[in-house]
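Report on the following structure.
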Amino acid sequence: MSTIKRLAGNAAGEVMDTIRFFAGVAGVWLTIITFLFAPFHIPSESMQPSLEVGDRVLVSKWAYGYSRHSLPLGLGYYLPDNLETRIFPRDPERGDVIVFRVPETRRNLIKRVIGLPGDVIMVQNGRLFINGERVEREPIGQRTYIDHRGRQPVTVDAYVETLPNGVMHDIYERSDSHPLDNAGPFRVPAGEIFVMGDNRDSSTDSRVAPNPQYPQSGGPGYIELTEVVGRAETVMFTLNRCRREDGLYCPTGRVWRGLQY
Numbered sequence: 037m038s039t040i041k042r043l044a045g046n047a048a049g050e051v052m053d054t055i056r057f058f059a060g061v062a063g064v065w066l067t068i069i070t071f072l073f074a075p076f077h078i079p080s081e082s083m084q085p086s087l088e089v090g091d092r093v094l095v096s097k098w099a100y101g102y103s104r105h106s107l108p109l110g111l112g113y114y115l116p117d118n119l120e121t122r123i124f125p126r127d128p129e130r131g132d133v134i135v136f137r138v139p140e141t142r143r144n145l146i147k148r149v150i151g152l153p154g155d156v157i158m159v160q161n162g163r164l165f166i167n168g169e170r171v172e173r174e175p176i177g178q179r180t181y182i183d184h185r186g187r188q189p190v191t192v193d194a195y196v197e198t199l200p201n202g203v204m205h206d207i208y209e210r211s212d213s214h215p216l217d218n219a220g221p222f223r224v225p226a227g228e229i230f231v232m233g234d235n236r237d238s239s240t241d242s243r244v245a246p247n248p249q250y251p252q253s254g255g256p257g258y259i260e261l262t263e264v265v266g267r268a269e270t271v272m273f274t275l276n277r278c279r280r281e282d283g284l285y286c287p288t289g290r291v292w293r294g295l296q297y
């Protein structure tokens, strides 16, 4: 009988050790995704070429402080929208690539910060103006990629854009006469920011106001700082959705590739 009890006790001890191990793993995982980082995937080409369709991006939650959106598993989306408290707040800088929540659609989007509170943003004939000054861009050639939705080839002009604070990043323009190539001026309100996609003619961003009646057909408009989830830091890996064919742009080597700021 004592042998049976001893074996049963050993088995129970092993079960408890296993439970403690998995509880510890779960605790570490919850701590990481609550206070440090969270992964997001890129579903569209609005941030090309900085981010490609299929990229898995690691976002730092601590970059701008903590809010209800810092809670894991999307729990913060179920809290009241008027809960606007941020702990250790820090505002995004111009040129940061951020993830934010759109309350009207309850979706997360990723765009680049272009305008800060008090800025006046305008797009005229495809050229970006910040506070009356035209933002410089240098052409780097043409590229052709396959449109994610229509599966048709799209040819764009690629540029290196330099923001007023010196942040340099690549942008795409199909032309300088698309519908959103003449927009504004927009004066960014206090407590909000203005964002744009790097693929300027394939991005629904702050140039498009929200549509309360039909949220899916509107844009995010200005982004309240309380809706910012975090800053995109690096591409962990990508699930390529482009084809490597002659004449098509299909970047490789997108594993732990940091974003430039």
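Each residue of the sequence shown is one higher than the one before, starting from 37 at the first, in the numbering used here. Just so you know, even glycine gets a beta-carbon here, dropped at the ideal spot from N, CA and C. Keep in mind the model is a prediction, meaning the values are calculated, not measured.
- Residue nearest to valine 192 within the set Ala74, Ile182 and Arg243 is Ile182 (criterion: CA-CA distance).
- Spatial neighbours of phenylalanine 124 in its own chain (CB-CB distance under 6 angstroms, excluding positions within 5 residues in sequence) are listed in chain order as Gly101.
- Residue pairing by DSSP places glutamate 228 opposite Glu260 in a beta bridge.
- With fewer than 16 other Cβ atoms from the protein chains shown falling within 10 Å of its own Cβ, arginine 126 counts as exposed.
- Cα atoms of serine 82 and arginine 290: separation of roughly 17 angstroms, rounded to the nearest angstrom.
- Check the Cα spacing between glycine 162 and each of Ile78, Ser238 and Phe76: the tightest is with Ser238.
- Between the alpha carbons of aspartate 234 and proline 251 lies a distance of about 23 angstroms.
- The DSSP-derived three-state label of glutamine 84 is coil.
- Of all alpha-carbon atoms in Gly177, Asp241, Pro189 and Thr198, the one lying nearest the alpha-carbon of methionine 232 is that of Asp241.
- Within the same chain, Cβ atoms closer than 8 angstroms to the Cβ of glutamate 172 are found at Glu197 and Thr198, the five residues on either side in sequence being excluded.
- By the 16-neighbour rule on beta-carbons within 10 angstroms, serine 253 is exposed.
- Around valine 264, the same chain offers Tyr100, Pro128, Ile134 and Phe136 as residues with beta carbons nearer than 7 angstroms, after the five sequence neighbours per side are excluded.
- Close CB contacts of threonine 141 within its chain, under the 6 angstroms cut and outside five residues either way in sequence, are with Pro251 (chain order).
- For the options Leu284, Val89, Phe76 and Pro287, the alpha carbon positioned closest to that of lysine 97 is the one of Phe76.
- Counting C-beta atoms within 10 angstroms of its own C-beta, threonine 262 has 16 or more neighbours from the protein chains shown and is therefore classed as buried.
- A Cβ-Cβ distance of about 27 angstroms is found for the pair tyrosine 195 and glutamate 228, leaving them out of contact under the 8 angstroms criterion.
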